[in-house]
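I have placed the structure first, in the form of structure tokens, so that the comments after it can refer back to it.
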Ligand code: GUN
Ligand code: FE
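Take a look at the structure:
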């Protein structure tokens with residue numbers, strides 16, 4: 004089936020560039036983008052057009068790090084550092100996912116809020132609960148959100164959500180058995196982070212990731228307290244990343260959230276192994292962790308994407324996450340001289356980079372299923388002069404909220 008969308012097309016086909024096609028057309032066949040065109044090609048003249056008029060059509064957002072069971076504690080405990088915040092708020096909140104009905108309510112709301120905010124691809128942490136994790140995957144699929152979901156593993160220092168080591172692996176196997184019939188979401192092995200996992204558990208998960216060919220996500224070098232604890236727990240490993248490496252979890256496409264305190268050697272190890280850094284600027288400021296060296300990571304050839312890190316981060320909407328990452332990078336420039344992220348760069352990280360991680364293209368690439376958001380910026384303050392499309396785009400990323408979003412295409416289908 005042919006679908007044609009008309010509107011002002013804006014995308015980031017490469018890092019730091021923005022391409023605009025005023026009054027352009029996207030031609031889809033069965034949800035797959037076949038052409039971008041400044042005019043309607045003659046062979047489609049008789050096809051119906053979905054006309055978004057003066058609206059902005061952009062590639063959708065991708066959130067490569069967030070915690071579903073923390074959605075109910077958005078904006079809470081933000082005056083605590085990471086390790087205290089985890090024990091005072093996070094583990095207790097996650098424990099509520101033992102109740103499947105509660106988990107379904109939260110997951111349904113989160114999945115819907117992701118779509119209505121324009122996020123169509125995610126890499127998400129669930130809780131340690133198998134049933135709740137399968138419920139989360141069901142609700143994401145129903146809403147049209149695609150990507151990876153992980154049942155969290157933690158068998159040390161994790162309060163009410165601490166698992167027994169053998170059971171943690173057994174439940175992971177049971178969860179993987181339950182993942183067979185999903186189409187839009189698939190499993191990712193998820194050791195919470197080194198302080199929450201015994202060596203035995205890390206080894207079991209590394210083996211599972213290798214045997215089943217599964218990707219891995221975790222946290223790395225986020226805060227000073229955490230890094231000190233990791234050094235005490237693993238005197239045999241000189242650096243944090245070496246522990247993940249030792250247990251087979253440090254590999255191509257492994258997602259590591261934060262990397263705030265990663266030194267040049269850790270950054271190089273990421274680039275060498277093909278490990279991705281997921282930058283979560285709001286969370287890093289909220290928990291006083293620091294500002295991550297995103298520019299240095301990129302310059303060393305590390306793949307970087309953005310994450311909301313709900314609920315260390317307080318904003319689910321990825322346009323806010325993009326703005327937060329620009330702002331954090333400006334603070335970092337003032338401290339270190341490292342050049343800040345421009346809007347086209349940060350938008351690339353919050354959109355194109357995540358799509359590439361999942362095998363899609365940078366910007367609107369032909370041959371890929373469409374992931375797009377349509378924004379109506381008419382509600383925003385009347386500008387003092389006529390704006391070009393790049394200016395309208397920048398303003399929309401800073402100012403829009405979900406009420407300004409008219410359509411959200413995920414895997415070629417409008418899910419709004
Ligand atoms: N490190 C281990 N668990 C967490 C978490 O839930 N949030 C953040 N920000 N860091 C973590
Ligand atoms: Fe996190």
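Residue numbers (my numbering): 4 to 419. We put the CB at the ideal spot given by N, CA and C, even for glycine. As the structure is a computational prediction, the values presented were derived from the model and not from experiment.
Residue j beta carbon less than 9 angstroms from that of residue i
i           : j           : result
residue 157 : residue 195 : yes
residue 39  : residue 367 : yes
residue 111 : residue 142 : yes
residue 350 : residue 21  : yes
residue 376 : residue 412 : yes
residue 230 : residue 243 : yes
residue 408 : residue 121 : yes
residue 280 : residue 306 : yes
residue 382 : residue 345 : no
residue 151 : residue 109 : no
residue 309 : residue 288 : no
residue 79  : residue 314 : yes
residue 127 : residue 70  : yes
residue 65  : residue 125 : yes
Contact set for residue i: own chain, Cβ-Cβ below 7 angstroms, skip 5 residues either direction
i           : result
residue 163 : 94, 95 and 98
residue 395 : 59 and 380
residue 24  : 12, 39 and 41
residue 422 : Any answer about residue 422 is impossible in this case: the structure gives the chain only from 4 up to 419.
Local conformation of residue i per DSSP, three classes
i           : result
residue 58  : strand
residue 467 : There is simply no residue 467 to check, as the chain begins at 4 and stops at 419 in what is shown.
residue 329 : helix
residue 171 : helix
residue 203 : helix
residue 186 : coil
residue 148 : coil
residue 153 : strand
residue 417 : strand
residue 424 : Because residue 424 is not part of the residues shown, which for the chain are 4 to 419, the question remains open.
residue 93  : helix
residue 197 : helix
residue 369 : coil
residue 305 : coil
residue 53  : strand
Residues near residue i in its chain [Cβ-Cβ closer than 6 angstroms; skip 5 each side]
i           : result
residue 232 : 198
residue 72  : 97, 100 and 130
residue 53  : 8
Limits of the beta strand (DSSP E) - the one that residue i falls within
i          : result
residue 14 : 5 to 14
residue 64 : 64 to 70
residue 32 : 22 to 32
For residue i, the first and last residue of its enclosing alpha helix (DSSP H)
i           : result
residue 37  : Element bounds for residue 37: not the alpha helix (DSSP H) but the beta strand (DSSP E), 35 to 40.
residue 228 : 227 to 236
residue 376 : Premise fails: residue 376 lies in the beta strand (DSSP E), 375 to 378, not in any alpha helix (DSSP H).
residue 223 : Element bounds for residue 223: not the alpha helix (DSSP H) but the beta strand (DSSP E), 220 to 223.
residue 83  : No alpha helix (DSSP H) contains residue 83, which DSSP labels as neither H nor E.
Cutoff 8 angstroms; reference residue i; Cβ partners in own chain excluding five residues on either side
i           : result
residue 236 : 197 and 198
### Message
Going residue by residue through the stretch 100 to 139, where are the continuous beta strand (DSSP E) segments of at least 3 residues, counting only ones entirely within it?
### Response
Every beta strand (DSSP E) stretch that sits fully inside the stretch 100 to 139 and reaches 3 residues is listed by chain position as 122 to 128.
### Query
Under a criterion of Cβ closer than 6 angstroms to any non-hydrogen atom of the ligand MG, which residues qualify, in chain order?
No copy of the ligand MG appears in this structure; the ligands present are the ligand GUN and the ligand FE.
### Query
Which residue spans inside the stretch 240 to 284 form an unbroken alpha helix (DSSP H) run of at least 4?
The stretch 240 to 284 is shown to contain whole alpha helix (DSSP H) runs of 4 or more residues at 243 to 249 and 267 to 276, in chain order.
#### Entry: Completely contained alpha helix (DSSP H) runs for the stretch 307 to 358, where each covers 4 or more residues
DSSP runs (the alpha helix (DSSP H)) wholly in the stretch 307 to 358: 321 to 339 and 346 to 353.
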